[in-house]
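Number of protein chains: 2
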Amino acid sequence: MITIKDVARHAGVSVSTVSYVLSGKRPISRATSHRVRRSIRELGFHPHAGARALASSRTHVLALVVPLRTDLNLPVIMQFVSSIVTTARAHDYDVLLLTKESGADEVHRVIASSRADAVLVMDVEARDPRVPALRELPVPVVLIGVPAEADGLDCVDLDFTASGARVVEHLADLGHRSVGLIGSSPAVYERGTGYATRFLEGFTECARRRGVTTHVHPCAPSFPALSECLYDLLRPDRAVTGLVVHNEAVLGDVVLELRRRGRRVPDDVSVIALCPDAMAAAQPVPLTSISIPAEEVGAIAVETLMRGLQGEHPSQVRLLAPALTDRGSTAARR
Amino acid sequence: MITIKDVARHAGVSVSTVSYVLSGKRPISRATSHRVRRSIRELGFHPHAGARALASSRTHVLALVVPLRTDLNLPVIMQFVSSIVTTARAHDYDVLLLTKESGADEVHRVIASSRADAVLVMDVEARDPRVPALRELPVPVVLIGVPAEADGLDCVDLDFTASGARVVEHLADLGHRSVGLIGSSPAVYERGTGYATRFLEGFTECARRRGVTTHVHPCAPSFPALSECLYDLLRPDRAVTGLVVHNEAVLGDVVLELRRRGRRVPDDVSVIALCPDAMAAAQPVPLTSISIPAEEVGAIAVETLMRGLQGEHPSQVRLLAPALTDRGSTAARR
DNA sequence: CCGCGAAATTGAAACGTTTCACTGCCGCGG
DNA sequence: CCGCGGCAGTGAAACGTTTCAATTTCGCGG
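What follows is the structure, encoded as structure tokens:
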């Protein structure tokens with residue numbers, strides 16, 4: 004193995020000089036710096052991560068807690084992960100993968116044994132049992148999602164409340180008076196996952212304000228569930244003319260099923276979704292949607308961590324304003 | 004921070020004794036061992052991962068290369084990852100996340116800087132450009148998937164060739180004489196991803212043997228693509244009575260579309276899929292399928308790595324025999 | 001030509017483990 | 001009673017960095 008010593012000898016300088024060239028924490032003359040860099044290249048030197056971590060108490064690793072068992076919104080999760088890994092690498096950080104299922108103990112272990120410098124937790128629920136433990140960690144922590152007691156924690160997420168309101172505004176502006184919501188899986192509401200509840204709040208509250216009648220129906224991620232859900236929402240007496248879909252798993256089948264039941268989109272019924280842009284655009288009929296800005300949220304989360312690692316401490320909840328893209332699946336009520 | 008020194012003092016033994024209690028590499032008397040363990044517990048000691056790595060040149064981390072951009076078979080990928088992480092943890096290993104997109108350089112960096120002890124690569128393609136570099140790594144490497152030149156590499160995968168043959172056997176046994184294959188995305192075939200090609204080989208070869216006519220149609224992961232694909236495969240002159248789906252992305256819509264076109268499953272057309280069991284079971288009509296044993300493949304891959312880390316070196320290609328579950332979506336030709 | 005301050009470079013002490021070589025100690029056979 | 005083998009436990013030297021404090025070098029004004 005090539006060590007910093009070899010590099011130093013090869014470049015004719017001391018070990019510490021090489022270290023300073025690498026870290027840039029001291030001014031090094033142009034000439035020396037070049038010589039050292041060349042030696043590093045020629046010898047193919049890579050600093051030993053463990054030794055580095057030991058001496059500097061910085062691992063340059065961040066722990067990422069991912070929900071893996073979720074059969075629901077996998078594409079969204081992957082977008083988050085992808086953006087997080089990319090952004091982390093841009094800051095010269097690697098990502099250690101932990102699963103949500105293994106709980107807060109694993110996070111504690113990883114931090115206590117100095118395997119990572121900071122923690123990023125995805126899919127945080129309203130009453131998330133991990134939150135108290137996370138709060139105690141002596142390292143920066145950023146949550147994607149917002150728990151009930153968010154004070155003193157850094158959180159990043161789409162503003163689901165505003166999103167709920169926004170979709171209603173959109174439909175109300177088009178003249179719709181009765182709208183249905185195809186919600187997430189009942190399980191999601193039961194365990195109080197924040198985003199579903201918050202979306203629903205914004206949705207309901209805005210509808211009340213605008214005098215729009217609402218029909219809410221959670222929907223399990225299966226075809227029969229969707230079928231029943233649509234059957235219920237489209238009962239003639241409800242006179243639903245606008246449909247909001249907050250459920251990636253069944254999104255693909257919604258338009259198909261509507262079509263099969265003889266409802267054209269958007270002529271007979273307007274459809275608007277809350278999902279990643281790519282997904283909305285890939286539907287049989289491209290769907291008007293509010294984007295889930297996974298890329299952006301992931302990047303912001305990592306940037307926040309980096310700032311935390313540099314000593315900043317103004318923890319806060321950052322909610323991103325919803326952006327609505329009209330793809331023609333909504334139209335004025337006839 | 005609590006160090007091994009603190010533990011030693013607290014337990015009234017030497018530092019090395021504590022280390023040996025932890026590693027079990029030397030016999031330690033029952034009494035001492037208990038005393039040390041108690042001190043560890045009471046002080047909440049966690050060995051410093053970096054120091055450990057430095058002294059032992061073992062990180063207890065394995066690098067996992069995951070394809071993140073793939074919009075295709077995400078649930079399958081997640082199953083792999085989940086199983087890998089779980090198995091790794093059972094061996095006291097953590098998992099470092101690398102993305103396929105960042106290429107072999109990142110893998111090299113991670114190994115060269117001793118951030119991980121071994122590498123697990125998912126989604127290996129037939130002519131994978133990363134393979135030569137992976138071969139040079141001075142650490143155990145296991146691939147999930149099989150490249151063209153697999154000699155000297157450890158590979159684990161479902162036997163896709165046998166799977167292709169198996170589905171044809173199944174349909175042929177039921178009397179079907181003309182079967183269609185809804186394949187993976189054209190992109191998958193183009194980049195020569197091994198599994199798609201191998202499945203196709205087994206499929207074609209067995210059909211020839213059994214005198215079954217085949218109609219192969221790759222299918223992009225979008226509704227219009229599926230629609231066109233079905234239109235093509237179901238042309239009356241083809242007389243297709245059996246349909247094989249090797250495409251998780253459109254699987255959900257296949258049965259819906261068939262139904263819409265007035266074909267009942269399995270009365271008018273038999274459908275058999277290659278996908279995870281859970282997915283086949285969750286369809287509008289539960290589908291007869293060959294399982295993609297992600298759990299098992301992931302676990303075997305990790306176990307193989309662990310053996311490699313213990314010095315074993317009988318590298319080989321392990322192909323798992325396909326298992327077919329009949330869920331009633333296939334029937335005798337009428 | 002000398003001395004001074006700033007800039008560049010260096011030596012050596014951490015950092016927290018593992019592991020090798022060694023020391024005590026105990027019991028047993030001669 | 002002595003010596004010997006084996007078991008438990010210990011001391012100290014790695015492991016490859018970072019970083020503090022100290023030293024050397026350099027340019028410049030006096």
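Chains as they are written, first to last, in this note's numbering: chain A, 4 to 337; chain B, 4 to 337.
Where a beta carbon is used, it is the ideal one built from N, C-alpha and C, also for glycine.
Rounded Cβ spacing between residue i and residue j (contact assumed at less than 8 Å)
{"i": "A/G197", "j": "A/G148", "result": "5 Å"}
{"i": "A/L99", "j": "A/V69", "result": "11 Å between Cβ atoms; not a contact."}
{"i": "A/A334", "j": "A/P269", "result": "4 Å"}
{"i": "A/V288", "j": "A/S332", "result": "6 Å"}
{"i": "A/L77", "j": "A/I114", "result": "Not really, about 27 Å apart at Cβ, beyond 8 Å."}
{"i": "A/L177", "j": "A/R336", "result": "6 Å"}
{"i": "A/A330", "j": "A/A285", "result": "Here residue 330 of chain A turns out to be Arg, not Ala, going by the sequence shown. Actually they do not touch by this definition, with Cβ atoms about 11 Å apart."}
Straight-line Cα distance separating residue j from residue i
{"i": "A/V64", "j": "A/E231", "result": "47 Å"}
{"i": "B/L259", "j": "B/F83", "result": "28 Å"}
{"i": "A/L263", "j": "A/A210", "result": "Residue identity check: residue 263 of chain A is Arg in the sequence provided, not Leu. C-alpha separation (whole angstroms): 29 Å."}
{"i": "A/T291", "j": "A/L246", "result": "11 Å"}
{"i": "B/D280", "j": "B/V127", "result": "22 Å"}
{"i": "A/I7", "j": "A/L312", "result": "26 Å"}
{"i": "A/F202", "j": "A/R130", "result": "16 Å"}
{"i": "A/I31", "j": "B/G53", "result": "28 Å"}
{"i": "A/P239", "j": "A/L327", "result": "29 Å"}
{"i": "A/L236", "j": "A/G186", "result": "12 Å"}
{"i": "B/D120", "j": "B/Y96", "result": "10 Å"}
{"i": "A/R92", "j": "A/V305", "result": "10 Å"}
{"i": "A/M4", "j": "A/K103", "result": "37 Å"}
{"i": "A/S17", "j": "B/H111", "result": "27 Å"}
{"i": "A/G183", "j": "A/V170", "result": "11 Å"}
{"i": "A/D9", "j": "B/T90", "result": "38 Å"}
{"i": "B/K28", "j": "B/H316", "result": "23 Å"}
{"i": "A/A190", "j": "A/A151", "result": "18 Å"}
{"i": "A/S19", "j": "B/H51", "result": "24 Å"}
{"i": "A/P143", "j": "A/D154", "result": "14 Å"}
{"i": "B/R267", "j": "B/T200", "result": "30 Å"}
{"i": "A/A66", "j": "A/M125", "result": "11 Å"}
{"i": "A/P46", "j": "A/S22", "result": "A quick correction: the sequence has Leu, not Pro, at residue 46 of chain A. If I take the Cα positions, the gap works out to 15 Å."}
{"i": "A/S26", "j": "A/L322", "result": "35 Å"}
{"i": "B/A58", "j": "A/A58", "result": "13 Å"}
{"i": "B/I293", "j": "B/P227", "result": "26 Å"}
C-beta atoms of residue i and residue j nearer than 8 Å
{"i": "B/L277", "j": "B/I295", "result": "yes"}
{"i": "B/D160", "j": "B/V300", "result": "yes"}
{"i": "B/M309", "j": "B/H94", "result": "yes"}
{"i": "A/V243", "j": "A/V274", "result": "no"}
{"i": "B/Q319", "j": "B/D108", "result": "no"}
{"i": "B/R40", "j": "B/V24", "result": "yes"}
{"i": "B/L123", "j": "B/I87", "result": "yes"}
{"i": "B/G180", "j": "B/V134", "result": "Correcting the residue identity first, residue 180 of chain B is Arg in this sequence and not Gly. No, they are not a contact pair."}
{"i": "A/L71", "j": "B/S85", "result": "yes"}
Residues of its chain near residue i, where Cβ-Cβ distance is below 8 Å and the 5 sequence neighbours each way are ignored
{"i": "B/T207", "result": "G167, T217, V219"}
{"i": "A/S117", "result": "A56, S60, T62"}
{"i": "A/G15", "result": "R38"}
{"i": "A/E172", "result": "C209, R213"}
{"i": "B/A324", "result": "D162, A165"}
{"i": "A/R194", "result": "E128"}
Cβ shell of residue i (< 6 Å), same chain only, five flanking positions each side left out
{"i": "B/L229", "result": "C222, V253, D256"}
{"i": "B/S60", "result": "none"}
{"i": "A/H49", "result": "none"}
{"i": "A/N250", "result": "I185, S187, C222"}
{"i": "A/V145", "result": "L123, D157, A304, T307, L308"}
{"i": "A/I43", "result": "V10"}
7 Å Cβ shell around residue i - same chain, five flanking residues per side excluded
{"i": "B/G205", "result": "F163, T164, A165, S166, G167, A168"}
{"i": "A/A297", "result": "V79, Q82, F83, S86, P279"}
{"i": "A/G314", "result": "none"}
{"i": "B/T35", "result": "V16, T20"}
Worksheet item: Where are the alpha helix (DSSP H) runs, 4 residues long or more, that stay fully inside the stretch 201 to 256 of chain A, in chain order?
Response: 226 to 236
Worksheet item: Which runs of the alpha helix (DSSP H), 4 residues or longer, sit entirely within the stretch 108 to 179 of chain A?
Response: 134 to 139, 163 to 176
Fill in: Start-end ranges of the alpha helix (DSSP H) lying completely within the stretch 51 to 101 of chain B, minimum 4 residues
52 to 59, 77 to 93
Worksheet entry | Uninterrupted beta strand (DSSP E) stretches inside the stretch 273 to 304 of chain A (no shorter than 3 residues) | 273 to 278, 291 to 294
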